[in-house]
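The letter at position 30 of the sequence shown is residue 11 when you use our numbering, and the numbering goes up by one with no holes.
Just so it is clear, CB atoms sit at the ideal spot from N, CA and C, and this is done for glycine as well.
Predicted model only: the values in this text are computed from it and were never measured.
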Amino acid sequence: MRILVTGGAGFLGSHLCERLLNEGHDVICLDNFFTGSRDNIIHLMGSHRFELIRHDIVEPILLEVDRIYNLACPASPVHYQYNPVKTVKTSVMGMINMLGMAKRVKARILQASTSEVYGDPNVHPQKEEYWGNVNPIGIRSCYDEGKRVAETLMMDYHRQNNVDIRIIRIFNTYGPRMAENDGRVVSNFILQALRNEDITVFGDGSQTRSFCYVDDLIDGMIRMMENGQGFIGPVNLGNPVENTILEFAETIVRLTGSQSKIIFQSLPSDDPKQRQPDITLAQEKLGWQPVVGLEDGIIKTVQYFKRDFIKSGHA
Ligand code: NAD
Ligand code: UDP
-18 MRILVTGGAG
-8 FLGSHLCERL
2 LNEGHDVICL
12 DNFFTGSRDN
22 IIHLMGSHRF
32 ELIRHDIVEP
42 ILLEVDRIYN
52 LACPASPVHY
62 QYNPVKTVKT
72 SVMGMINMLG
82 MAKRVKARIL
92 QASTSEVYGD
102 PNVHPQKEEY
112 WGNVNPIGIR
122 SCYDEGKRVA
132 ETLMMDYHRQ
142 NNVDIRIIRI
152 FNTYGPRMAE
162 NDGRVVSNFI
172 LQALRNEDIT
182 VFGDGSQTRS
192 FCYVDDLIDG
202 MIRMMENGQG
212 FIGPVNLGNP
222 VENTILEFAE
232 TIVRLTGSQS
242 KIIFQSLPSD
252 DPKQRQPDIT
262 LAQEKLGWQP
272 VVGLEDGIIK
282 TVQYFKRDFI
292 KSGHA
């Protein structure tokens, strides 16, 4: 098939492009390089089945493709809050443009939605039927509400225009090629530990997250796109093993053998207190569940950052 991956030069997008190429598809990677980088896909450039297009999905584009994976959107709080109006435009105008293309060329489209549609959840663990608890006017709203509208657009293009859709709600995912500067907890803690700097736990560290290794997530994403039952979702994809952020900091210190101290800093506003996916639906409909444990995944991610670290002369 000919497959378009928007946001293909980003963390998840680059892994997806690699997997799809390995499966024998033609892959078009589209990216505006806001948070993505050529380094993430340089190893794919030699393939005659790989094409790169610099484009912003806020502007229309028409490509003859069979599948569209729509991943274009800054994903970390630091990046999506940098230009919140642009974040909303990416989720709303970008989604309309991608759905318009899907309708015109009759492509199946998958939207990378997020656990953030549940906001600061009152239901635990989160099931797909939970409608969420989202602040519409806070500093995370540009991302959370943008992604909620994107889901609405997906459903309306499906009902109104018969567009073939798939919606996944991704929970915190980590692994090699996360951007060093994106401020997410996994990259922050690993880099701080490798540099023997203080590990910055926000709040008292009692808030929880459940971390999924990238290879597992990509496997679930492709299963969802290609499921033959016409199951459109939304479906949660994530690892249900839940950790407090303080436990997570301790794990990173232990696995890196770091001298770092754990320090506490103020908690950003609207930071969700707990998050854990209920993945029963993914298990039933896709036969999917994560197989990489946290320690194994963290060790692989540490190796990646160490290599980068040595290259940049910090060692
Ligand atoms: P990322 O920032 O590494 O990747 C996003 C990519 O999209 C980047 O390459 C960026 O340059 C590109 N991009 C941003 N705005 C664009 C635009 N207007 N036009 C074209 N390209 C644009 O983040 P990621 O972690 O790889 O996330 C990928 C997708 O998955 C995002 O949609 C994100 O919301 C979603 N998601 C990720 C996670 C996670 O834990 N990683 C969790 C939930 C949802
Ligand atoms: N966090 C932290 N220290 C950091 C970065 C993040 O304690 O240096 C916390 C953050 O407050 C949140 C959790 O870790 O409670 C996950 O943050 P991240 O930005 O990775 O993802 P999200 O909040 O979007 O799940």
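Thinking just about the alpha-carbon of each residue, which of the options is nearest to the one in residue i?
i: residue 148; options: 213, 100, 167 and 249; result: 213
i: residue -18; options: 6, -7 and 2; result: 6
i: residue 274; options: 195, 286 and 243; result: 195
i: residue 262; options: 186, 218, 254 and 255; result: 218
i: residue 107; options: 226, 220 and 155; result: 220
i: residue 209; options: 13, 78, 283 and 267; result: 267
i: residue 254; options: 244, 282 and 223; result: 223
i: residue 47; options: 20, 16, 240 and 1; result: 1
i: residue -11; options: 117, 180 and 36; result: 36
i: residue 34; options: 20, 21, 27 and 14; result: 14
i: residue 156; options: 132, 192 and 240; result: 192
i: residue 272; options: 27, 199 and 39; result: 199
i: residue 94; options: 281, 286, 288 and 215; result: 215
i: residue 105; options: 61, 167 and 189; result: 189
i: residue 178; options: 241, 89 and 120; result: 241
i: residue 159; options: 16, 12, 139 and -16; result: 16
i: residue 269; options: 91, 87, 202 and 29; result: 202
i: residue -16; options: 176, 41, 87 and 134; result: 87
i: residue 239; options: 90, 205 and 283; result: 283
i: residue 30; options: 3, 20, 119 and 204; result: 3
i: residue 89; options: 206, 288, 133 and 265; result: 206
Consult DSSP for residue i and reduce its assignment to one of helix, strand or coil.
i: residue 95; result: strand
i: residue 167; result: helix
i: residue 51; result: strand
i: residue 146; result: strand
i: residue 216; result: strand
i: residue 177; result: coil
i: residue 203; result: helix
i: residue 33; result: strand
i: residue 189; result: strand
i: residue 183; result: strand
i: residue 21; result: helix
i: residue 116; result: coil
i: residue 295; result: Note that residue 295 scores a pLDDT of 49, beneath 50, so its modelled location is shaky; the value from the coordinates is reported in the next line. Reduced to three states, the DSSP call for residue 295 is coil.
i: residue 264; result: helix
i: residue 89; result: strand
i: residue 240; result: coil
i: residue 210; result: coil
i: residue 270; result: coil
i: residue 83; result: helix
i: residue 162; result: coil
i: residue 43; result: coil
i: residue 131; result: helix
i: residue 38; result: coil
i: residue 27; result: coil
Among the residues of its own chain, which have a CB less than 6 Å from the CB of residue i, if the five just before and after it don't count?
i: residue 183; result: 246 and 248
i: residue 356; result: As displayed, the chain neither begins before -18 nor continues past 296, which places residue 356 out of reach and without an answer.
i: residue 65; result: 123
i: residue -14; result: -6, -3, -2, 10 and 50
i: residue 295; result: Legend: pLDDT at residue 295 = 49, less than 50; position of this residue unreliable, no value from coordinates given.
i: residue -8; result: 158 and 159
i: residue 121; result: 251
i: residue 45; result: 86
Let me check one thing: in DSSP terms, what residues is residue i bridge-paired to?
i: residue 231; result: DSSP output for residue 231 lists no bridge partner at all.
i: residue -15; result: 9 and 49
i: residue 155; result: 194
i: residue 64; result: Residue 64 pairs with nothing; no bridge assigned.
i: residue 225; result: 189
i: residue 100; result: 114
i: residue 15; result: BP columns for residue 15 are empty, so no partner.
i: residue 304; result: Because the chain spans -18 through 296 in this model, residue 304 falls outside it and cannot be assessed.
i: residue 284; result: Residue 284 pairs with nothing; no bridge assigned.
i: residue 246; result: 183
Output needed for residue i: all residues of its chain with C-beta closer than 7 Å, excluding positions within five of it in sequence on either side, in chain order.
i: residue 43; result: 82 and 85
i: residue 164; result: 57, 58 and 59
i: residue 125; result: 97, 98, 100 and 115
i: residue 75; result: 38, 39 and 53
i: residue 142; result: 84
i: residue 72; result: 54, 127, 128, 130 and 131
i: residue 61; result: 55, 68, 123 and 124
i: residue 286; result: 171, 172 and 175
Can you list, in chain order, the residues of its chain with a C-beta nearer than 8 Å to that of residue i? Leave out the 5 residues immediately preceding and following it.
i: residue 232; result: 224, 275, 276 and 279
i: residue 230; result: 170, 180, 182, 186 and 243
i: residue 102; result: 111, 113, 114, 253, 255 and 256
i: residue 138; result: 80, 83, 84, 144 and 146
i: residue 18; result: -10 and 160
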